[in-house]
Amino acid sequence: PHRHNLATVFYAMSIVLINAREAAEIRTVTLSNGKVVSFHYVRLTGSDFRTGNIYLGKIVSIERGLAAAFVDIGSDKHAFLPLSNIPSEKTERERDSEQNEKKHRKMGFRKTRVGQSILVQIVREAVENKGAQLTGFIAIPGRYLVLSPFERGVRVSRKIEEEEERERLRKMVSDIAPPNFAFIVRTAAQGARKLDIAKDTEYLLRLYKRIDDTVKKSSPPSLMYSDTDFATRVVREILSPDVEEIIVDEEEQFKRLEELLKVTMPRFLKSLKLYDSLRPLFDSYGVEEQVKTLQEREVPLPSGGRIIIEQTEALVSIDVNSGSTKGSDTEETSYQTNIEAVEEIARQLQLRDLGGLIVIDLIDMKSKERRSAVERKFRAMMRSDRAKLTLLPTNRLGLLILSRQKLRPSLLELTTTPCDRCNGAKRVTAPLTSAAKALRKLQSYLASNPSERVKLVLPANVTEALFNEMRKTLLTIEQRFKTKIYLVPDSGSEKIPVDGFEILPA
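So, in structure tokens, the structure goes:
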């Protein structure tokens, strides 16, 4: 494979960095001019019930008051399925009528019964005390298209704005795709050739046939399709035409990505490189500190202001503070700070994967024109967001309110847990996340300070997680650095923070 162990100083195009060495998690960043413009986090341990997975489930109860059913998909908590998300069987003529569509969906409610097997897909993962949310209208994503087998027609992503291109893609897919399925043309299809679309269509139809065949031979609850393969997600969600390099620091993930690219996107094979330096990948590219800020409450703005992000179970509140921003004209200062703030907020919402109800408290401005300008700027910055958005106009209180589609737990929810010491009033880094962080720091330390023996002092729960879940990674680090690592559980002397660690010579 192409090997890469030296970070370049200037980035002419986008570079994708994939950090998978620690085995418990995979972190992927896209860099443009040295700045993180996208961040993807995948936890490789823990729950397997993830967004996109398709199950053959069994209805265990129907709550007419909630207009929902509860479905056993094999997880600890029963999943929630709105009755409006259950497709009903219709004839071809009925499918052509929107009125009949609604009528027969209601008829489908009455046919739903306890004990019934049903094919469902997770649209939102379980969060703490809430089970996963499901839909019966399954959707299988490809590189350019999404296949929806229980609907009909061709729809084009709203992010493709040019009408001529929309019509070209709509006609192209209509000519290729069978009429008894629905296909959604993704934003990535913009400019795609007919051959690319045809290959993607063929791939999706083969995949659905495999799922359908598996359903016929299975009994609930059973997993029919998993959308958790990391290499597939990289190709589908992360790679774009402006990506110049894809650098992976772990050989197994490198090989899986290489195999997939050979079949789907061979033009990227020359860009794929295996990173083999002892120094951690993100350290070499100077992005570890940028990634670290994604879990911090305060984010500084260029001119001295800051935004403060508070995440609760019900909503996300973001306060814009002028801080040390200076200016003789208060209105102008407020405007410039708000412009900087909405640019950074748009970036943080996507990097942290924040969803649900989001309330932004902007600095007050008297000018209606300037309030509108700030709102337009925010809308423009959010156009690149893959999630569905509903944005309300700025109200008289200076609040910008939006709803952002929540597909999976946010970065904070994935990497932290409620603190035991304060009865959940605060959150601390999850043991496995702390363990992965400690191993990255340890590798950075050993790269600069070669040692035959080293002690890693950790809280007891982190030591246990590391020993149980990451023992193989620990052995790999020992072999790579020719050292012996001693794990030392903290004695409870308060010297080590609840989610911290210490590296000492042995």
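Everything in the sequence shown is counted per our numbering, starting at 10 for the first residue and increasing by one. The beta carbon of each residue, even a glycine, is placed where N, CA and C say it ideally should be.
What is the rounded straight-line gap between the Cα of E340 and the Cα of S331?
12 Å
Worksheet item: Could you give the distance in angstroms between the alpha-carbon of A396 and the alpha-carbon of R413?
Response: 7 Å
Among the candidates T426, F387, R380 and T425, whose CA atom is the shortest distance from the CA of R405? R380
Buried or exposed, going by whether 16 or more other CB atoms sit within 10 Å of the CB of S293? buried
Notebook entry, point to check: Taking DSSP as the reference, what is the three-state secondary structure of P498?
Noted result: strand
Legend entry - Span separating the alpha-carbon of R449 from that of N28: 10 Å
Note to self: Which of the three DSSP states is assigned to A447 in this structure?
What the structure shows: helix
Alpha-carbon to alpha-carbon, E261 and S286: 16 Å
Exercise. Quick one: what's got a C-beta closer than 6 Å to A88's C-beta in the same chain, skipping five residues either side?
Worked result: V80, I82, G140, A141 and L143
- Task: State buried or exposed for K491, treating a residue as buried only when at least 16 other CB atoms are found within 10 Å of its CB.
- Result: exposed
Practice item. Below 8 Å on the Cβ atoms is my guess for K168 versus R385; work out the distance and round it to an integer in Å. Key: Actually they do not touch by this definition, with Cβ atoms about 17 Å apart.
Per DSSP, which residues does S23 bridge with? Please list them.
V252
Mind checking Q359: buried by the 16 CB within 10 Å criterion, or exposed? buried
Exercise. What are the boundary residues of the alpha helix (DSSP H) that I185 is part of?
Worked result: E172 to I185
* To do: In angstroms with no decimal places, state the Cα-to-Cα distance between N42 and Y50.
  => 21 Å
Would you identify the three-state DSSP class for S393, choosing helix, strand or coil? helix
Expressed to the nearest angstrom, what Euclidean distance is found between the alpha-carbon atoms of R59 and S376?
46 Å
Whose C-beta lies closer than 6 Å to the C-beta of N458 among residues of the same chain, with five residues either side of it excluded? none
**Report entry** Residue from T482, L156, M22 and E171 with nearest C-alpha to A33
**Finding:** T482
Within the chosen definition, does the segment 144-152 reach the segment 206-218 through at least 3 CB pairs nearer than 8 Å? yes
query: How is Q414 classed by DSSP in three states: helix, strand or coil?
result: coil
Worksheet item: If you run the structure through DSSP and keep just helix, strand and coil, what is V466?
Response: strand
Margin query: Check for me: the alpha helix (DSSP H) holding L360 runs from which residue to which?
Written below: T339 to R361
Can V368 and L398 be called in contact, C-beta distance under 7 Å?
no
query = Is L270 closer than 7 Å to L278 when the C-beta atoms are compared?
reply = yes
Taking V163 as the reference, which of E173, E170, G145 and I185 has the closest Cα? I185
| said: I need the straight-line Cα distance from Y234 to S228, nearest angstrom please. | reply: 14 Å
Taking the Cβ atom as the reference point for each residue, do G145 and I95 lie within a distance shorter than 7 Å? yes
From which residue to which residue does the alpha helix (DSSP H) around F89 run? Segment A88 to P91 is the beta strand (DSSP E) holding F89; no alpha helix (DSSP H) there.
Per DSSP, the bridge partner or partners of E307: I317
_Rounded distance between the beta-carbons of V129 and G66, thought under 8 Å_ = 5 Å
Considering only their Cβ atoms, is the gap separating L441 from A469 smaller than 7 Å? no
Please classify D251 as buried or exposed, where buried requires at least 16 neighbouring CB atoms within 10 angstroms.
exposed
Item to complete: Give the secondary structure of R161 by DSSP, where H, G and I count as helix, E and B as strand, and everything else as coil.
Response: coil
Beta strand (DSSP E) containing Q130: first to last residue? S126 to R133
Assigned exposure category for Q452 - 16 Cβ within 10 Å defines buried: buried
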